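Residue numbers (this note's numbering), protein chains in the order written: chain A, 4 to 337; chain B, 4 to 337. Note that beta-carbon positions come from the ideal geometry of N, C-alpha and C, so glycine has one too. Keep in mind it's a predicted model, so treat the numbers as computed, not measured. Reviewing the structure listed below.
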């Protein structure tokens with residue numbers, strides 16, 4: 004049996020370290036063969052566990068001085084916060100024995116830290132932040148959600164290669180449909196680099212490239228992998244979030260209007276729960292940084308311990324499926 | 004009484020010319036003082052009216068050779084389609100007696116045509132396509148939705164000035180909240196030109212600039228005017244459309260599941276209609292091209308005659324409120 008060692012940032016996210024401790028204890032019951040290692044201030048962590056009356060003596064701790072929060076500037080991870088739990092975790096990933104790192108901490112700091120402390124897969128030009136997002140007919144992988152605001156065509160092309168590997172190996176789709184986010188479907192639409200990317204993707208025999216996709220079709224699930232620069236990706240991801248919130252709020256208001264609507268809401272309770280579940284991107288764990296030479300997962304800041312458990316399982320699955328090795332192979336033949 | 008003359012593209016959009024003819028006849032009943040002029044092939048238009056048993060003898064027709072469709076390349080409006088109904092309408096707008104032009108035809112062709120055939124307001128660097136979009140607490144104006152994919156800071160600054168005038172005069176908001184679409188709220192987020200725009204807007208005393216807005220808050224209505232380059236604007240607009248479709252579809256599926264859910268749907272019928280109405284951006288007429296020296300309105304391709312009537316009223320209101328003059332004044336003092 005492979006002994007998989009996963010480091011988790013004990014002080015990343017809104018509910019840390021409580022949710023991190025709980026997720027580690029729970030996952031050990033389900034997957035005893037997985038070794039979870041905390042990155043965080045040892046004293047604070049032990050105190051927190053003791054207050055929660057939880058026993059963490061079975062877990063290794065990589066001691067950290069402090070932790071970095073979203074209110075800190077991302078670049079502080081290189082200076083004042085270079086011994087924070089996130090920095091310690093990222094550095095640990097360079098050790099041969101560590102297989103993956105998970106944090107629910109600041110995305111900005113993580114992007115800066117990963118590019119400074121960690122190596123990319125040989126041949127990969129830029130690492131991309133890739134959340135799995137629910138769509139009308141399932142889910143899709145967004146490559147990139149904001150790590151690289153502007154990208155040349157060779158970088159966007161690599162995003163497609165990496166996304167394709169992930170969708171194949173993790174989503175278990177034989178020929179993932181790859182779309183390029185653009186302002187129109189015609190090959191000559193958009194910025195110069197989009198036109199060039201279109202040509203490169205269209206010429207690549209090993210990809211199932213379906214062409215440019217307009218943002219209005221992305222939530223409807225026209226493709227399994229959406230290739231985008233971080234600027235457009237960020238707009239797509241967050242507009243989806245905001246619009247879903249707007250509509251759910253509107254429905255909620257409509258339901259609470261009078262006796263009739265309240266009755267209807269009661270009748271629909273089960274369906275609503277299902278829909279809410281469907282819309283919850285946290286079901287898919289976290290967003291993976293594709294291109295880094297070990298699985299590196301960014302869980303949502305407000306992750307519960309259940310969500311963190313999913314992120315841990317995602318990391319384990321990425322290790323078992325050898326995502327990094329597969330990306331390496333595919334980058335170097337294309 | 005001012006005699007307002009409005010030209011409408013009789014052959015733009017999915018239901019042309021039927022919906023155009025009907026909208027003109029209907030608007031004449033409501034606003035007899037408004038003169039509607041058709042741009043389109045006279046023979047075809049008269050045939051269509053005769054088939055519909057509608058009398059259009061009271062309307063002037065600006066004869067056109069043909070019309071341009073979304074499947075044509077936008078630049079054809081300068082060549083093969085330079086005598087199309089849209090081109091004829093745009094050229095007519097240069098005449099002193101014409102006050103506004105409305106088309107439900109191809110957005111791409113309109114952007115090309117307007118920049119070639121029409122003058123911008125003196126001092127305006129780029130015209131922006133500005134749809135009014137429903138939000139959780141009302142509506143907002145998006146400046147720009149795709150006419151200018153990339154914009155320098157001086158252009159984005161002018162977008163704010165123009166959007167501010169429109170929101171004041173048309174939305175009747177005293178101090179419109181202006182937000183800059185960006186990947187984060189901090190002043191130093193995003194592309195270089197966003198950082199520069201932030202500074203310019205922040206220094207502008209005459210604007211109620213609320214700062215950078217992340218796309219997740221835009222559908223919730225944090226501001227009245229969203230300033231954006233056309234690339235991000237296009238992503239925001241279309242992702243909102245697509246996500247709303249995804250959710251409405253999901254609700255519809257949930258409602259039709261069994262007897263209980265169907266009963267609930269029946270109880271919620273009225274609320275749903277209201278919500279659908281709220282989400283329908285067509286209630287706001289069309290998207291205005293701000294910066295052109297006459298009101299120029301792009302109605303949605305699938306506009307019904309009622310939607311076109313709204314677009315006509317919007318054009319009339321823009322003329323009466325002297326949007327062009329107000330923009331001119333504001334551009335030249337800033």
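Of all the CB atoms in chain A, is at least one closer than 8 Å to the CB of residue i?
i, result
"residue 194/B", "yes"
"residue 257/B", "yes"
"residue 260/B", "yes"
"residue 87/B", "no"
"residue 53/B", "no"
Would you check if the distance between the CB atom of residue i and the CB atom of residue j is smaller than 8 Å?
i, j, result
"residue 111/B", "residue 77/B", "yes"
"residue 80/A", "residue 87/A", "yes"
"residue 15/A", "residue 152/B", "no"
"residue 324/B", "residue 172/B", "yes"
"residue 103/B", "residue 300/B", "yes"
"residue 218/B", "residue 241/A", "yes"
"residue 319/B", "residue 37/B", "yes"
"residue 236/A", "residue 140/A", "no"
"residue 297/B", "residue 96/B", "yes"
"residue 144/A", "residue 166/A", "yes"
"residue 40/B", "residue 57/B", "no"
"residue 17/B", "residue 288/B", "no"
"residue 190/A", "residue 178/A", "no"
"residue 89/B", "residue 75/B", "no"
Whose C-alpha, out of the options, is nearest the C-alpha of residue i?
i, options, result
"residue 246/A", "221/B, 204/B and 238/B", "221/B"
"residue 116/B", "268/B, 332/B, 173/B and 94/B", "94/B"
"residue 125/A", "295/A, 87/A, 310/A and 314/A", "295/A"
"residue 181/A", "97/A, 161/A and 196/A", "161/A"
"residue 315/A", "146/A, 302/A and 272/A", "302/A"
"residue 169/A", "319/A, 293/A and 12/A", "293/A"
"residue 286/A", "328/A, 307/A and 106/A", "307/A"
"residue 275/A", "167/A, 260/A, 288/A and 252/A", "252/A"
"residue 30/B", "50/B, 298/B, 8/B and 46/B", "8/B"
"residue 148/A", "187/B, 36/B and 121/B", "187/B"
"residue 68/A", "57/A, 46/A and 62/A", "46/A"
"residue 238/B", "98/A, 215/A, 227/A and 200/A", "215/A"
"residue 20/B", "59/B, 178/B and 142/B", "59/B"
"residue 122/A", "327/A, 336/A and 332/A", "327/A"
"residue 158/A", "114/A, 204/A, 284/A and 191/A", "204/A"
"residue 233/A", "131/A, 82/A and 260/A", "131/A"
"residue 163/B", "201/B, 85/B and 190/B", "201/B"
"residue 226/B", "259/B, 176/B, 189/B and 264/B", "176/B"
"residue 63/A", "10/A, 178/A and 135/A", "10/A"
"residue 284/B", "213/B, 248/B, 273/B and 263/B", "248/B"
"residue 32/B", "312/B, 174/B, 331/B and 333/B", "312/B"
"residue 85/B", "113/B, 335/B and 333/B", "113/B"
"residue 273/B", "280/A, 260/A, 272/A and 243/A", "260/A"
"residue 209/B", "129/B, 6/B and 332/B", "332/B"
"residue 321/B", "174/B, 243/B and 254/B", "174/B"
Verify the CB distance criterion: does residue i have a CB-CB separation below 8 Å to chain B?
i, result
"residue 159/A", "no"
"residue 252/A", "yes"
"residue 342/A", "Residue 342/A lies beyond the range of chain A shown here (4 to 337); nothing can be said about it."
"residue 249/A", "yes"
"residue 246/A", "yes"
"residue 331/A", "no"
"residue 139/A", "yes"
Under the assumption that residue i contacts residue j (Cβ atoms under 8 Å), give the Cβ distance between them as a whole number of angstroms.
i, j, result
"residue 282/B", "residue 137/B", "6 Å"
"residue 184/B", "residue 229/B", "5 Å"
"residue 146/A", "residue 133/A", "5 Å"
"residue 156/A", "residue 196/A", "5 Å"
"residue 12/A", "residue 101/A", "Not really, about 13 Å apart at Cβ, beyond 8 Å."
"residue 337/A", "residue 207/A", "7 Å"
"residue 270/A", "residue 266/B", "6 Å"
Does any C-beta atom of chain C lie closer than 8 Å to the C-beta of residue i?
i, result
"residue 306/B", "Any reference to chain C falls outside this structure, whose protein chains are A and B."
Going along the chain, which residues of the stretch 213 to 243 of chain B sit with their C-beta nearer than 7 Å to a C-beta in chain A? Taking 7 Å as the cut-off between beta carbons, the residues of the stretch 213 to 243 of chain B near chain A are 217, 218, 219, 220, 221, 222, 223, 234, 235, 237, 238, 239, 241, 242 and 243, in sequence order.
Name the residues in the stretch 262 to 282 of chain B whose C-beta lies less than 9 Å from a C-beta of chain A; which are they? For the stretch 262 to 282 of chain B, the residues whose beta carbon sits under 9 Å from a beta carbon of chain A are, in order, 263, 264, 266, 267, 268, 269, 270, 271, 273, 274, 275, 277, 278, 281 and 282.
Along the stretch 288 to 299 of chain A, what residues have a CB closer than 7 Å to any CB found in chain B? If the cut-off is 7 Å between Cβ atoms, the stretch 288 to 299 of chain A has nothing near chain B.
Practice item. Could you run through the stretch 115 to 137 of chain A and flag, in chain order, every residue whose CB is less than 8 Å away from some CB of chain B? Key: Against chain B - using a Cβ distance shorter than 8 Å - the stretch 115 to 137 of chain A contributes no residues.
Practice prompt. With 8 Å as the limit, tell me which residues of the stretch 144 to 156 of chain A have their beta carbon closer than that to any beta carbon of chain B; keep them in chain order.
Written response: Hits within the stretch, in order: 149, 152 and 153.
- Relative to chain A, which residues along the stretch 89 to 117 of chain B have a C-beta separation below 8 Å, given in chain order? 111: these are the residues of the stretch 89 to 117 of chain B whose beta carbon lies less than 8 Å from some beta carbon of chain A, given in chain order.
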